[in-house]
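Below: one structure, written as structure tokens.
Numbering (the UniProt record's numbering), first residue to last: 1 to 443.
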């Protein structure tokens, strides 16, 4: 094998790579599925991976590598998005469990070979563009970011090291996730990490809190729940009994200390967070209750000047500027201050919208909420923030009273609008389009 090539996996053939409900799939069985699927792919790529079954998503991703194709990772399965992938990225086929009305591409379902593979494990050039990931579009249109195979492998290895998932780190873990496999967070943790560690991924229903409870109950060994703050809150409110969990990993939005503490008490576990960005991948982690210091992954190097940060990521050809403001702390640790576009200034004072949202959703009885700045905030001295709040049984006056104890008066929302729900996507994010619709509801 050439020195610049990396294998699809270094794991032994008999190791369990994935669990599909109660079914344990070994590395040899996985490779047989990959080869059977790769044989059916067209000569030209790239491939749009739309599988909701995360094991089939992994088979499809690996099969595309074997066929020499780049995978387009899209959690958006709408006909409009698929047309965009076909037009702007020349996608030739979609991988999915079944075609949906209006899809513009032919559909192939990844195969289950029902056999074991005994040949040489395929290897790929480190600089091969294995995937293109897209930002969620929460700040505008989805932006593509290329992911070389070598970078994906090295990144997954560092994550496995940080979270104790390697061989020799204790009993093998099973990763049960609530996040789509096409989102960079879900892709790294539930598709790449099983390829390079001793952990097994888990594929099963994950929409309702009862689904998560059932999935965890089926998962043997050390159970790790990979989720988001919004989904953690829903799981806690459902109060569904959960089996022992070794750790909960959260990402995609700031996690309030109150929710983290509640989860640690209710589930007798540790709540950890990942900090990252689609363009760079996961970069750092922390235990929420240990404070606001983030510790970079091994091999990740941050350069922070003022509050602007650039990061060196192994395997990526260029340093990546981050959209967040960071504050350096002792050693390599840093504090996350919020996105530069997230900082609002009123009456000479600064605040992070993410920080204000975290305070809002930490109020007792608040299930969800978001602060919104008016469009004329920068040019209208009288402009004020507004807030949309989901809090059944509570009033706007009660929300204002609770906020008055926690934030400076200039940042108190005027008005507070009580709504039954917020239009979040599967990751709990609010897109620019959704925020615009909310803004249109404000007086």
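We put the beta carbon where it would ideally sit given N, CA and C, even for glycine.
Predicted model only: the values in this text are computed from it and were never measured.
Would you report the Cα separation of residue i and residue j, rounded to the nearest angstrom?
{"i": "residue 193", "j": "residue 416", "result": "43 Å"}
{"i": "residue 103", "j": "residue 84", "result": "11 Å"}
{"i": "residue 216", "j": "residue 185", "result": "19 Å"}
{"i": "residue 167", "j": "residue 24", "result": "18 Å"}
{"i": "residue 10", "j": "residue 196", "result": "7 Å"}
{"i": "residue 175", "j": "residue 362", "result": "28 Å"}
{"i": "residue 96", "j": "residue 426", "result": "18 Å"}
{"i": "residue 191", "j": "residue 408", "result": "43 Å"}
{"i": "residue 21", "j": "residue 172", "result": "17 Å"}
{"i": "residue 46", "j": "residue 188", "result": "20 Å"}
{"i": "residue 378", "j": "residue 349", "result": "13 Å"}
{"i": "residue 411", "j": "residue 396", "result": "15 Å"}
{"i": "residue 360", "j": "residue 387", "result": "9 Å"}
{"i": "residue 365", "j": "residue 391", "result": "6 Å"}
{"i": "residue 437", "j": "residue 398", "result": "25 Å"}
{"i": "residue 72", "j": "residue 56", "result": "15 Å"}
{"i": "residue 380", "j": "residue 346", "result": "10 Å"}
{"i": "residue 125", "j": "residue 4", "result": "6 Å"}
{"i": "residue 170", "j": "residue 200", "result": "14 Å"}
{"i": "residue 132", "j": "residue 51", "result": "16 Å"}
{"i": "residue 77", "j": "residue 93", "result": "13 Å"}
{"i": "residue 163", "j": "residue 306", "result": "30 Å"}
{"i": "residue 86", "j": "residue 264", "result": "44 Å"}
{"i": "residue 232", "j": "residue 400", "result": "25 Å"}
{"i": "residue 245", "j": "residue 88", "result": "43 Å"}
{"i": "residue 15", "j": "residue 98", "result": "30 Å"}
{"i": "residue 68", "j": "residue 268", "result": "45 Å"}
{"i": "residue 34", "j": "residue 153", "result": "18 Å"}
{"i": "residue 441", "j": "residue 385", "result": "14 Å"}
Apply the 10 Å Cβ neighbour rule to residue i and answer buried if 16 or more other Cβ atoms are within range, or exposed otherwise.
{"i": "residue 210", "result": "exposed"}
{"i": "residue 331", "result": "exposed"}
{"i": "residue 275", "result": "buried"}
{"i": "residue 207", "result": "exposed"}
{"i": "residue 235", "result": "buried"}
{"i": "residue 127", "result": "exposed"}
{"i": "residue 376", "result": "exposed"}
{"i": "residue 290", "result": "exposed"}
{"i": "residue 148", "result": "buried"}
{"i": "residue 43", "result": "exposed"}
{"i": "residue 452", "result": "An answer regarding residue 452 cannot be provided, because it is not within the stretch 1 to 443 covered by the chain."}
{"i": "residue 476", "result": "The first residue shown for the chain is 1 and the last is 443, placing residue 476 beyond what the model contains."}
{"i": "residue 404", "result": "exposed"}
{"i": "residue 433", "result": "exposed"}
{"i": "residue 335", "result": "exposed"}
{"i": "residue 286", "result": "buried"}
{"i": "residue 406", "result": "exposed"}
Grab me the residues of residue i's own chain with a C-beta within less than 6 Å of its C-beta, minus the 5 sequence neighbours each way, in chain order.
{"i": "residue 151", "result": "315, 316"}
{"i": "residue 450", "result": "In this structure the chain extends from 1 to 443, so residue 450 is not present and cannot be described."}
{"i": "residue 309", "result": "302, 322, 326"}
{"i": "residue 204", "result": "21, 215"}
{"i": "residue 219", "result": "174, 176, 202"}
{"i": "residue 374", "result": "383"}
{"i": "residue 298", "result": "158, 161"}
{"i": "residue 142", "result": "134, 135"}
{"i": "residue 394", "result": "365"}
{"i": "residue 237", "result": "none"}
{"i": "residue 1", "result": "123"}
Under 7 Å Cβ to Cβ from residue i, same chain only, skipping five residues before and after it: list those, please.
{"i": "residue 288", "result": "255, 257, 260, 271, 273"}
{"i": "residue 402", "result": "363"}
{"i": "residue 281", "result": "155, 184, 188, 313"}
{"i": "residue 243", "result": "216, 217, 223"}
{"i": "residue 357", "result": "369, 370, 371"}
{"i": "residue 6", "result": "123, 124, 126, 149, 150, 153"}
Between residue i and residue j, which are expected to be in contact by the criterion C-beta below 8 Å, what is the C-beta distance as a whole number of angstroms?
{"i": "residue 320", "j": "residue 279", "result": "5 Å"}
{"i": "residue 413", "j": "residue 371", "result": "6 Å"}
{"i": "residue 54", "j": "residue 181", "result": "4 Å"}
{"i": "residue 105", "j": "residue 91", "result": "6 Å"}
{"i": "residue 121", "j": "residue 295", "result": "No, residue 121 and residue 295 are not in contact; Cβ-Cβ is about 33 Å, not under 8 Å."}
{"i": "residue 178", "j": "residue 130", "result": "Not quite, the Cβ-Cβ distance comes to about 24 Å (not below 8 Å), so this is no contact."}
{"i": "residue 266", "j": "residue 240", "result": "Residue 266 to residue 240, Cβ: 10 Å. No contact."}
{"i": "residue 17", "j": "residue 48", "result": "Contact flag wrong, Cβ pair sits at about 24 Å."}
{"i": "residue 165", "j": "residue 198", "result": "6 Å"}
Take residue i and list the residues in its own chain whose beta-carbon comes closer than 8 Å to its own, dropping the five residues that flank it on each side.
{"i": "residue 101", "result": "79"}
{"i": "residue 12", "result": "27"}
{"i": "residue 338", "result": "324, 325, 352, 353, 354, 355"}
{"i": "residue 421", "result": "368, 390"}
{"i": "residue 430", "result": "138, 370, 422, 423, 424, 438"}
Under the criterion of a Cβ to heavy atom distance below 6 Å, does residue i qualify as lining the ligand MG?
{"i": "residue 191", "result": "The ligand content of the structure shown is nil, which means the ligand MG is not present either."}
Could you tell me whether the region 114-123 touches the region 13-32, using the rule of 3 or more Cβ pairs below 8 Å? With the cut-off at 8 Å, the region 114-123 and the region 13-32 touch.
Say whether the region 245-252 touches the region 220-236, bearing in mind that this needs 3 or more beta-carbon pairs closer than 8 Å, one atom from each stretch. The region 245-252, when compared against the region 220-236, does touch it at the 8 Å Cβ threshold.
Taking contact to mean 3 or more Cβ pairs, one atom from each stretch, closer than 8 Å, check whether the region 60-77 and the region 32-44 are in contact. Counting C-beta pairs closer than 8 Å gives three or more between the region 60-77 and the region 32-44, which meets the contact rule.
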